[in-house]
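All residue numbers for the sequence shown refer to my numbering, where the first residue is 559 and numbers rise by one. Glycine included, every Cβ here is placed at the ideal spot set by N, Cα and C. Every value quoted in this text rests on a predicted model; they were computed, and no experiment measured them.
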Amino acid sequence: MSARAVDRLAVVAFALLATYVAFGLVVLAYGESPARMAGALLEGTLGSAYGIGQVLFKATPLLFAGVAIDVGLRAKLFNVGAEGQIAVASLVSAVVGAGLPQGTPRPVAWLVVVAAAMLAGAVWAMPPALLKARRGVHEVLSTVLMNKVADALLSLALASGLALAGTTRTRDVVPSARIPRLDVLSDAFRGSSASLSVGLAVAVAFMASSAFRRTRVRELWLVGENPSAARAAGLPVTSRVAQAMLLSGALAGLASSATVLGYKGYFELGLGAGAGFGGLAVAMIGRGSAGGLVGAALFFGVLEQGGLVVNAHVPRDVMSVLEGLAIVLVVLGERLMVRGRSMEGAR
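Have a look at this one:
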């Protein structure tokens, strides 16, 4: 393991430890015992198969979003638009899944619906990709704007006939398009909302990490790291920047497999909300490592499910604050680490 990787691991470990300490202080402020609340949180999340299943359920869309954002970060692109890309892809996957003929073979149904979701995510990432590549418009501005447009578009689409009468939800996808719940593997998971899409999320994380070791995909990293050098080497910088953003959007669209196909079986307004923003936290903590992304998604899955467990004693919003604290500490730690290296190099 390189010295840089060790330093980053130390930064993340410190951030997580500090987050746990902050949790204890907040619990004390509410007049509760930190040890008792920590025990209740662990018991409600990792102390039973149901709790573990719920953690996996919360972590799965976060992992998809984290991988998508991490791909952009490798190319020095900050895709803040995963939230909108997931929402649009979820609606598209639900509409396509509901439109398939009854009796469609399961592999065909999965392939069609997942491909539609990835295409929708990529299409929604296309305007920011083109604006960045051709006009130099910062992707944070354009992706935030696309999130707002997605919110309006989804409401309009559902109100214009895609939703069942009197509701804000689409028709059910055909049964063969559904992804089975984890209880098909063990009855211990019965009642949990987790599905086999968690396996797909982990596989995608490791496949994406592995792909960056290959020449064509590695070019995305090279272009982001030093555009001038990449251009001098004959790499098509403009197209590679656009491709990185499109790939990020496509991977974000995969999150719909957990929410639409593995959970509800249809799309409704608000389904999967927050996964894109949570993915930012996952990407910042697990950045550049498949194992790190999986671990970060599980950590935030524990926090989200734990918020429900301790809600009677501590407001759920506290968990959101802790998530934000973890991100801030990691970013600050990395900045200090970079500054320390610069000072050493100047000596």
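What's the C-alpha gap between residue i and residue j?
i, j, result
"K706", "G642", "8 Å"
"D741", "V629", "32 Å"
"L758", "R798", "26 Å"
"A687", "V775", "17 Å"
"A607", "A854", "20 Å"
"L574", "A884", "6 Å"
"L599", "V867", "6 Å"
"L699", "A791", "30 Å"
"L635", "A683", "12 Å"
"L722", "S814", "20 Å"
"A769", "V795", "19 Å"
"E881", "M895", "21 Å"
"R692", "V585", "50 Å"
Residues bridged to residue i by DSSP?
i, result
"S786", "Partner(s): none; S786 has no beta bridge."
"S753", "R739"
Consult DSSP for residue i and reduce its assignment to one of helix, strand or coil.
i, result
"E826", "strand"
"R664", "helix"
"R727", "strand"
"L575", "helix"
"V695", "coil"
"K616", "helix"
"Y588", "coil"
"V867", "helix"
"F908", "Because the chain here runs from 559 to 905, residue 908 falls outside it and cannot be looked at."
"R776", "helix"
"L793", "coil"
"G846", "coil"
"L658", "coil"
"L819", "helix"
"S606", "coil"
"R748", "coil"
"L716", "helix"
"V872", "coil"
"R566", "helix"
"G582", "helix"
Given that a residue counts as buried once 16 or more other Cβ atoms are within 10 Å of its Cβ, and exposed if not, what is residue i?
i, result
"N637", "buried"
"E783", "exposed"
"T725", "exposed"
"V886", "exposed"
"F572", "exposed"
"S744", "exposed"
"Y821", "buried"
"E601", "exposed"
"L829", "buried"
"L621", "buried"
"L669", "exposed"
"R772", "exposed"
"M765", "exposed"
"P659", "exposed"
"S591", "exposed"
If contacts are defined as beta-carbon pairs under 8 Å, then residue i and residue j qualify, I think. What distance do you get, rounded to the angstrom?
i, j, result
"A617", "L856", "5 Å"
"A623", "A833", "5 Å"
"A675", "L812", "6 Å"
"V852", "A763", "6 Å"
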